[in-house]
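Visitor:
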Amino acid sequence: MKQKDMGPALTRRTFIKSAGAACAMLFVAGSLPSLVRPATAAPNEKNINDVLKKQFGNKNVTMSHVDIKAPIIAENGAVVPITITSDLPMRSDDYVKKINVYAEGNLEPYVASIDLTPANGKAEFAMRIKMRKTSNVRVVLETSKGRLYGAAKAVKVTIGGCGG
Amino acid sequence: MASVGKIKIRVPNTIKKGDIIPVQVLVSHPMETGMRKNKDGSVIPAYYINDVDVFYGNDKITHCDWTIAVSANPFITFYVKADKAAPIRIVYKDIKGGVYEQAVQISPQ
Amino acid sequence: MSRLITRTLILVACACWVFPLGAGRYALAGDGSTPPGIKEYKPNISTQEYEKRYKAVYGKFTEQMAQEGNPADFMLDDGKDLFGKVEGAAGKSCASCHGANGEKLKGVAATYPKYDPELKGIDTVALQINRCRKEQMGAPELKYESDPQLALELYVKSLSNGVPINVSIAGPAKPFYEAGKAFYYKRYGQFNFSCALCHVKYAGHMIRANLLSNNRHHADHWPSYRLKWGATGSLQRRFRGCNKNVRQKPEPFQSETYRNLELYLTYQANGVPIEVPGFRM
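In the order they appear, the protein sequences are chains A, B and C.
The opening residue of the first sequence carries number 3 in this note's numbering; numbering runs sequentially from there.
The opening residue of the second sequence carries number 46 in this note's numbering; numbering runs sequentially from there.
The opening residue of the third sequence carries number 47 in this note's numbering; numbering runs sequentially from there.
1) Which residues, taken in chain order from the stretch 74-94 of chain A, show a beta carbon closer than 8 Å to some beta carbon of chain C?
2) How would you write the range of the beta strand (DSSP E) that G324(C) sits in, first residue to last?
3) May I ask you to report which of helix, strand or coil DSSP gives T87(A)?
4) Counting only Cβ-Cβ distances shorter than 8 Å, please list the residues of the stretch 125-152 of chain A near chain C, keeping chain order.
5) So the candidates are A114(B), F123(B), M76(B) and I106(B); which of them puts its Cα closest to the Cα of P90(B)?
6) Taking 7 Å as the CB-CB limit, is P186(C) close to chain B?
7) Identify every run of the beta strand (DSSP E) within the stretch 111-183 of chain C, keeping only runs that are complete inside it and at least 3 residues long; order them along the chain.
8) So for S280(C), helix, strand or coil by DSSP?
9) What's the call for E114(C), buried or exposed, on a 16-neighbour Cβ count within 10 Å?
10) Just mark V132(C) as buried or exposed, buried being the case when its beta carbon has 16 or more other beta carbons within 10 Å.
11) Taking C-beta pairs closer than 7 Å, name the residues in chain C that T107(B) reaches, listed in chain order.
12) Using the Cα positions of R177(C) and I106(B), report the straight-line distance between them to the nearest angstrom.
13) Inspect the beta-carbon positions of I131(A) and V113(A) and report whether they are closer than 7 Å.
14) Using DSSP with H/G/I as helix, E/B as strand and the rest coil, what is R140(A)?
15) In this structure, does DSSP put T108(C) in helix, strand or coil?
16) At what residues does the beta strand (DSSP E) containing T107(B) begin and finish?
17) Under 7 Å between C-beta atoms, does N83(B) make it to chain C?
18) With V292(C) as the anchor, note down where its beta strand (DSSP E) starts and where it stops.
19) Please classify K160(C) as buried or exposed, where buried requires at least 16 other C-beta atoms within 10 Å of its C-beta.
20) Report all residues from its chain with a CB closer than 7 Å to the CB of T93(C); omit the five preceding and five following residues, and keep chain order.
21) Quick one: what does DSSP say P57(B) is sitting in, helix, strand or coil?
22) Please list the residues of the stretch 91-120 of chain C that have a C-beta atom closer than 9 Å to any C-beta atom in chain B, keeping them in chain order.
23) Within the continuous alpha helix (DSSP H) that includes G152(A), where are the two ends?
24) Given a threshold of 16 other Cβ atoms within 10 Å of its Cβ, counted over all protein chains shown, does F237(C) qualify as buried or as exposed?
25) Using only the alpha-carbon positions, how far apart do D96(A) and S73(B) sit?
26) Going by DSSP in three states, Y87(C) sits in which element: helix, strand or coil?
27) Measuring only the C-alpha atoms, how far is T170(C) from I211(C)?
28) Are there 16 or more other CB atoms within 10 angstroms of the CB of E77(A), so buried, or fewer, so exposed?
29) Taking the straight line between their C-alpha atoms, what separation do you get for T85(A) and A153(A)?
30) Is there a C-beta anywhere in chain A that falls below 7 Å from the one on M46(B)?
31) Can you check whether the C-beta of F117(B) is within less than 7 Å of a C-beta belonging to chain C?
32) Going by other Cβ atoms of all chains shown within 10 Å of its Cβ, with 16 needed for buried, is K82(B) buried or exposed?
33) Where does S192(C) fall in DSSP's three states?
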C-alpha cells in the first residue's frame, strides 16, 4: 500500500523536476535569440528589430495612442486589410507626421509609409497589405515634435483552405 | 485585370463645412512583386506603384511611399478636413513611369 | 452453409446501406423529393446559426472590404462598355435589343438558370449570353472565364441587383433539378466527398482553419471577386476548384452536370436578393 502511494508521488516529483529543467532550457534559449534564430529564419529574412533600429536609432517608441484593426485570420496573405487609428492631435503645431507600416514576417518588413498633414484632420488610414506568413503587423507613428508611438497586432495567415 | 490605372474615388454625398470626411480610393494595378514566376518558370518583373500624392486644392495633404508589399488593386482610406470648395486630386506613379490621376470636386455646404 | 448465410446477411446489409429505407424521415430542404439512390442529410445548423458562427470566426472584415472597394467594380464598367459595343455580322450590340441601359433585362437574371426547350436542358446566364451572341449578333462566342465573358455576365446579372432569386423547378426542369441534386449528394473523388457532406451535414464546423459554409448563400453573388484567387471568377470556376480539392476530375465550363448543379444550388437560394459583384474569401 505504502509503495503504491509512493509510486505516483515519485513520478510527479520527477516530472516537475524535468519540466523545470525544460523550462530553464527554454529560458536560456529564449534569452539567446542570436543563437536560435539563424536555424529557423529564412536566409535573407530581416529582423524587425534591426530594421527599426536602422530607421529610428535608439529612440524610445511608446506603445500607446495607436490602434491597429486587422482580421485575426487572413484567408489570403496577399490581401490583409488594416486600419490604423490614433487619438493623437492633428493641430498645426502638433500632428502625426508619418505612419510607418511593417509586416514582421516579410522578407522586407517595411511595407509603406504615409505622410500626413494637419489638413487630414484625423490620424486614420486604411490600406490592404501583403503578408508572407503569420506574424505581427507593426506600426510606428512619428509626430511633428519627433516623438514615436507604436502598436503591434498579430495576424494569422492561412494558406490553402477551401475551394481552389 | 485587363486595365491598369483605373481609379475610383468615393466621398460622402453630403458634406458640411468643417467635417472630417473619409475618402476611399481604389486603383486597378497588378502590383507585381518581382518574386513570382509564371507558368514557364521565368520571373514576372516587378511592377508596382511606389508613390502616391493627394492634393486638396493646391496643397499636398498626403503622400505615400509604397513597396511591393501593398496588395494588388490597392485600396486606401484617408481623411480630409473639408473646409474649402476645391478638388481632391490623387496621383499614382508606378516604377515603369506610369502616372495615373483622378480628381473629385468637394463642395462643402 | 453457415458461410452462405453470412454472405446473404452481408449482402442485405449492403443493400440497406445503399438504398436506405428510412430516407423519408429526414426533413429536407423544402422541395419534398428525393432522387433514388442517394442519402440525404439533415442540415446540421440553421442558416441564422451559421451566420452567427461566421461572424464569430471571421468577423466583419470581408463584408467591410466589399463595401469599401470591390476590384470587380472595374470589370463591371468594362461589361457596360461591352454591352453597348456593336459586334458580329448582324451589326448589332446587346443594347440594340435589350435597351441602352439594359432596361429590358431588369430582373431577368433572377429567374436563371431555367429550362430551355431548344437546348433540351438547363440554360445559364453565361450560356445564354453566348447563344445570343452566336444566333442574334453573329459574333464569336466568348471564352468562358475570360475577362470579357465575365465582364458581360457581371453586367447582365447586375441589372437584377436586389431582385430576389426566383428559380422554377416545375415541369420540364424537374429531372434536371434532380440530376443536380443527385450530383450534390453523391460521393465523388479520391477523398470520397460529396458537396452535401461538407455544406449540409457539417456546415458550420471547422475544416482545419476554414468554416464550412451553409449552402443558402452559395449562388446569389456570382461572378464574384475572391480574395483567394485575387481575381474575379464564376460559380462554375468555384465548382471546379471544389472538385479538384476532393481529387475529382473537374468538368469543363457549362457542362451539363455543372448547369444542373447550378440550378440545384440557385434553387436553394430562392428568395435571396441577387448581389453582384460579390466579394468573398
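In this text, a Cβ means the ideal position worked out from N, Cα and C, and glycines have one as well.
Guide: The structure says:
1) I74, I75, E77, N78, A80, V81 and P83
2) Along the third sequence, read from residue 1 onward, the residue named residue 324(C) stands at position 278. Per DSSP, G324(C) belongs to the beta strand (DSSP E) from G324 to R326.
3) Against the first sequence, residue 87(A) aligns to sequence position 85. Reduced to three states, the DSSP call for T87(A) is strand.
4) A128 and R130
5) Your numbering for residue 90(B) matches position 45 in the second sequence. For the residues A114(B), F123(B), M76(B) and I106(B), the minimum Cα distance to P90(B) belongs to M76(B).
6) The residue labelled residue 186(C) in the question sits at position 140 within the third sequence. So, not an interface residue.
7) 160-162 and 167-169
8) Position 234 of the third sequence, counted from the first residue, corresponds to residue 280(C). S280(C) falls in the coil class under three-state DSSP.
9) Along the third sequence, read from residue 1 onward, the residue named residue 114(C) stands at position 68. Buried is the call here.
10) Counting from one through the third sequence, the residue named residue 132(C) turns up at place 86. Under this definition V132(C) is an exposed residue.
11) Within the second sequence, the letter at position 62 stands for residue 107(B). Near T107(B) there are no residues of chain C at all, since even the closest Cβ is about 17 Å away, more than 7 Å.
12) Counting from one through the third sequence, the residue named residue 177(C) turns up at place 131. Counting from one through the second sequence, the residue named residue 106(B) turns up at place 61. Taking the straight line from one Cα to the other gives about 52 Å.
13) Against the first sequence, residue 131(A) aligns to sequence position 129. Against the first sequence, residue 113(A) aligns to sequence position 111. Yes, the pair counts as a contact, with Cβ atoms nearer than the cut-off.
14) Your numbering for residue 140(A) matches position 138 in the first sequence. Correct three-state label for R140(A): strand.
15) For the purposes of this step, residue 108(C) is taken as the residue at position 62 of the third sequence. Looking at T108(C) - three-state DSSP - the assignment turns out to be helix.
16) Taking the second sequence and counting its residues from 1, one reaches residue 107(B) at position 62. Run containing T107(B): D104 to W111, per the beta strand (DSSP E) assignment.
17) Residue 83(B) sits at position 38 when you count from the first residue of the second sequence. It does not; no Cβ of chain C falls within 7 Å.
18) Numbered from 1 along the third sequence, position 246 holds the residue referred to as residue 292(C). Unbroken run through V292(C): none, as it is neither H nor E.
19) Looking up residue 160(C) in the third sequence gives position 114. Result: buried.
20) By 1-based counting over the third sequence, the position of residue 93(C) is 47. These residues qualify, in order along the chain: N260 and R262.
21) As a first step, residue 57(B) is located in the second sequence; it is residue number 12 there, counting from the start. Note: P57(B) maps to coil in three-state DSSP.
22) M111, E114, G115, N116, P117, D119 and F120
23) Taking the first residue of the first sequence as position 1, residue 152(A) is located at position 150. No alpha helix (DSSP H) holds G152(A); the beta strand (DSSP E) holding it covers L150 to V159.
24) As a position in the third sequence, residue 237(C) is number 191, starting the count at 1. So F237(C) counts as exposed.
25) In the first sequence, the residue the question calls residue 96(A) occupies position 94. In the second sequence, the residue the question calls residue 73(B) occupies position 28. Going from the Cα of D96(A) to the Cα of S73(B) covers about 35 Å.
26) Stepping through the third sequence from its first residue, residue 87(C) is reached at position 41. Y87(C): coil per DSSP, three-state reduction.
27) Residue mapping note: residue 170(C) aligns to position 124 of the third sequence, counting from 1. Residue mapping note: residue 211(C) aligns to position 165 of the third sequence, counting from 1. Those two C-alpha atoms are separated by around 14 Å.
28) Working through the first sequence from its first residue, we reach residue 77(A) at position 75. Classification for E77(A): buried.
29) Reading the first sequence from its first residue, position 83 is the one you call residue 85(A). Reading the first sequence from its first residue, position 151 is the one you call residue 153(A). If I take the Cα positions, the gap works out to 12 Å.
30) For the purposes of this step, residue 46(B) is identified with residue 1 of the second sequence, where counting begins at 1. In this predicted model, M46(B) has a pLDDT of only 45, less than 50, meaning its place in the structure is not dependable; the value taken from the coordinates is given anyway. It does not; no Cβ of chain A falls within 7 Å.
31) Along the second sequence, read from residue 1 onward, the residue named residue 117(B) stands at position 72. In the sequence on display, residue 117(B) carries Ala and not Phe. Judged by the 7 Å Cβ criterion, A117(B) is in contact with chain C.
32) Here residue 82(B) is taken as the residue at index 37 of the second sequence, counted from 1. Its Cβ having fewer than 16 others within 10 Å, K82(B) is exposed.
33) What you label residue 192(C) is simply residue 146 of the third sequence in a count that begins at 1. Residue state, collapsed to three classes: coil.
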